[in-house]
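Protein chains in written order, with the numbering used here: chain A, 1 to 291; chain B, 292 to 792. These notes concern the structure reproduced below.
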């Protein structure tokens, strides 16, 4: 009886061990699949040989020329300028969008007024229109006031409708107990004080989330930027600019430089994201998931 | 059917029962929707009625200060201590009148015809040459007309508010209350009326950059604004529902081609949204479960490797992939040099292959994201559910189907709907990966992997076919609205919150 039990236990352990081994194999394969493209990107960015494509993975000759040329050879593509454009845009978008989103969420979450429900439904319905649809009209308006091909116009386009993204932070504000507001109100605090002194300090995760997503979005945005900046390469953002390097007529000469540029964009952004990922997950799961 | 009967059925019957139930529920969902709209209309009508009541009251019982406010907005406020507010009203009125008479009016009167003469050749006697003189610009006429109409609505609203507050002030004066002065008004703006302060700028942004443009584009859908009717040298005109008939019904010269394209693009958009959402969701969850599995070590390392690809900006990953999978790209080259293939695999150049590639690459992009999102939620599933299932001898697959999936499905429905809708409008993945290509002769201005949104982009950006782009935009809206409506209604209807508590 006793022997039988240990036998059973041992066989159970063996099953577990094999299943773990299979798990490790799968995870290793997955990790390789996920890492290899970035590995390839980094390798190519240091490649010395010219041309777009090679028939081997590891370059024969390593060089930092591609990085240097990004900053020195600005005859056709002005990478530092794109980088600066994107950074400036991201900075402004980040500040303005955070203010707008938090203000809207506070008003919709903590205050009760006539038309609140209607307003929320309106924003929901407006969000169902493809954002690009209104872009044509916005483009004409911006052209009339001379804001196409300018960063101000792009920032305006990015932030103007950001109130529609109130959903996640409102969900977070809703979870803060109402009794805190009431206590403060009895002590004579105005809504303004409640917002800045009570709600905001408690909502740090969602503030970080809002700032993070607002800052990251312009780095990968292609659609609006390409339409608004059409014809003026000095105003491109990195996504738009780097894509130009891959056009058929440029790719043979610029592919390795594209890789270098992509690395330069990815490293700080990825570092920032990984540093703040906790807040990101909290934001997404807190707002878009009921639990 | 009562619960007991339902439980007695076998899985296939259950499935059909639920399937039938879903469609049986549809009319009700739509009925509810229309009931909601009807209720909205009723409420709106009541509001309008109360507006007239207020105006009537001001006209009948108002003293001279209030009655003066009919013409000079803010008069009642200025004479009743609320100087600042009064002047804001007055300023608004002055700006409105100036705008309407000097600017808006001349556009508004042409809205019906959208202009008569676009451009004329005229002899310039001073220089002795013929010159082109531009007259009416249909686009500007329509744009400023829409703007003017919104401005008029805003004015009517302000005028009504002016009368309403005048009535209140007069009443307060009559019963001998102290009137709130400017200082009180400012104080209330950071207290009871703080929401107005907070929402003013965000709503202005939405009005100018979303609502007015959407109204404008909806009107454009009923015109023939395209490359051959391009202001300022040409006019465009109202054409009624012709564009809708062309795209949906295939009438007219270009109709059949456009209708065919629309059908193909629509089917692919829905297929894409479905596969992109659910492959990511299910596979990502499996990977997350594997990492969470008891006995697997270095959990943090596996997770970080995956999260790394979420952290890299998406456009980098996508452009990189499009290059790696190109005909002469590294993947094909390596496979060739290893002797595995003779010819390049047309990852991005064959219609069907490109569609599969897009979905597979999207899995590569999306799995880490799902892992990131679901890890925490998966850990929240009560462990005793699994324990008791194990005692009952359930296999891992069964536990996944019966515990994990239903739990996750229940908790993440809103997230899934958002993802589905987001995928319908997923511009980046398609455009940066394939550019909508490969092209096809049958498709009008679209490639074989184009979604509605990238087709819309191409119609705008490459073809300047604004009227058709607007139609596509409206149709996309209708589809998204219908899907959200049905699923939100369903998720509310099946909401059984006790199930996992």
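From the three backbone atoms N, C-alpha and C, an ideal C-beta is built for every residue, glycine too. For clarity, every value in this text was computed on a predicted model and none was experimentally measured.
Quiz item: Could you give the distance in angstroms between the alpha-carbon of residue 309 of chain B and the alpha-carbon of residue 301 of chain B?
Solution: 12 Å
- Task: Note down the Cα distance separating residue 348 of chain B from residue 454 of chain B, rounded to an integer number of angstroms.
- Result: 9 Å
**Study point:** Continuous beta strand (DSSP E) assignments of at least 3 residues falling wholly in the stretch 34 to 62 of chain A
**Key:** none
- Task: For residue 132 of chain A, go through chain B and note every residue whose CB falls closer than 9 Å to its CB, in chain order.
- Result: 716, 718, 744, 747, 748, 751, 760 and 764
Discussion item. Counting only Cβ-Cβ distances shorter than 8 Å, please list the residues of the stretch 27 to 55 of chain A near chain B, keeping chain order.
Written reply: 27, 30, 31, 33, 34, 35, 37, 38, 40, 41, 52, 53, 54 and 55
Task: Backbone secondary structure at residue 230 of chain A - three-state DSSP - done: coil
- What is the rounded straight-line gap between the Cα of residue 790 of chain B and the Cα of residue 692 of chain B? Caution is warranted here: a pLDDT of 43 is assigned to residue 790 of chain B, below 50, making its placement in the model unreliable, and no coordinate value can be reported.
Does the stretch 377 to 397 of chain B touch the stretch 437 to 455 of chain B, meaning 3 or more C-beta pairs lie closer than 8 Å?
-> yes
Under a CB-based cut-off of 8 Å, is residue 219 of chain A close to chain B? yes
**Request:** Return the CA-CA distance between residue 637 of chain B and residue 606 of chain B, expressed in angstroms with no decimal places.
**Result:** 22 Å
Requested in this report: Using the Cα positions of residue 307 of chain B and residue 316 of chain B, report the straight-line distance between them to the nearest angstrom.
Outcome: 14 Å
(request) Tell me where the alpha helix (DSSP H) around residue 464 of chain B begins and ends. (result) 429 to 465
Inset, instruction - Assign residue 115 of chain A to one of two classes, buried (16 or more other C-beta atoms within 10 Å of its C-beta) or exposed (fewer than that). - result: exposed
Open item on the list: By the DSSP assignment, the beta strand (DSSP E) with residue 472 of chain B in it spans what residues?
Closed with: It is not in any beta strand (DSSP E) - residue 472 of chain B carries neither H nor E in the DSSP assignment.
Q) Are the C-beta of residue 604 of chain B and some C-beta of chain A separated by less than 8 Å? A) yes
Could you check how far apart the C-beta atoms of residue 159 of chain A and residue 100 of chain A are, in whole angstroms? I think they sit under 8 Å. 6 Å
Which value, in whole angstroms, describes the spacing of the CA atoms of residue 139 of chain A and residue 148 of chain A? 7 Å
Practice prompt. Measuring alpha carbon to alpha carbon, tell me which of A:43, A:237 and A:12 ends up nearest residue 61 of chain A.
Written response: A:43
Practice prompt. Quickly, what does DSSP pair residue 514 of chain B with across the bridge? List them, please.
Written response: B:529
One or two residues paired with residue 425 of chain B in a DSSP bridge:
B:410
**Message:** Considering Cα atoms alone, identify which of B:535, B:678 and B:655 is closest to residue 509 of chain B.
**Reply:** B:535
* Pull up the DSSP beta-bridge partners for residue 420 of chain B, would you. => B:415
- Nearest chain B C-beta to residue 279 of chain A closer than 8 Å, yes or no? no
(request) Reducing DSSP to helix, strand and coil, say where residue 541 of chain B ends up. (result) coil
Q. At a CB-CB cut-off below 8 Å, which residues of chain B make contact with residue 222 of chain A?
A. 606, 718, 719, 722 and 723
**Prompt:** With C-beta atoms as the reference, is residue 623 of chain B less than 8 Å away from residue 54 of chain A?
**Reply:** no
Report task. Take residue 380 of chain B and list the residues in its own chain whose beta-carbon comes closer than 6 Å to its own, dropping the five residues that flank it on each side. Result -> 364, 365 and 453
Going by DSSP, name the residue or residues bridged to residue 738 of chain B. B:730
Complete alpha helix (DSSP H) runs within the stretch 57 to 135 of chain A (minimum length 4 residues, chain order): 65 to 72, 79 to 110 and 116 to 126
Quick check on the burial criterion: 16 or more other C-beta atoms within 10 angstroms. Buried or exposed for residue 425 of chain B? exposed
Contact with chain A by residue 614 of chain B, beta-carbon distance below 8 Å
yes
Checklist entry - Shortest alpha-carbon distance to residue 155 of chain A belongs to which of A:136, A:142 and A:109? => result A:142
query = Are the CB atoms of residue 180 of chain A and residue 198 of chain A nearer to each other than 8 Å?
reply = yes
### Message
Starting from residue 371 of chain B, trace the alpha helix (DSSP H) in both directions and tell me its first and last residue.
### Response
Segment: none, residue 371 of chain B is in no alpha helix (DSSP H) and carries neither H nor E.
Review point. Along the stretch 127 to 160 of chain A, what residues have a CB closer than 8 Å to any CB found in chain B?
Key: 128, 129, 130, 131, 132, 133, 134, 135, 136, 137, 138, 140, 141, 144, 156, 157, 159 and 160
Residue 673 of chain B (DSSP reduced to helix, strand or coil):
coil
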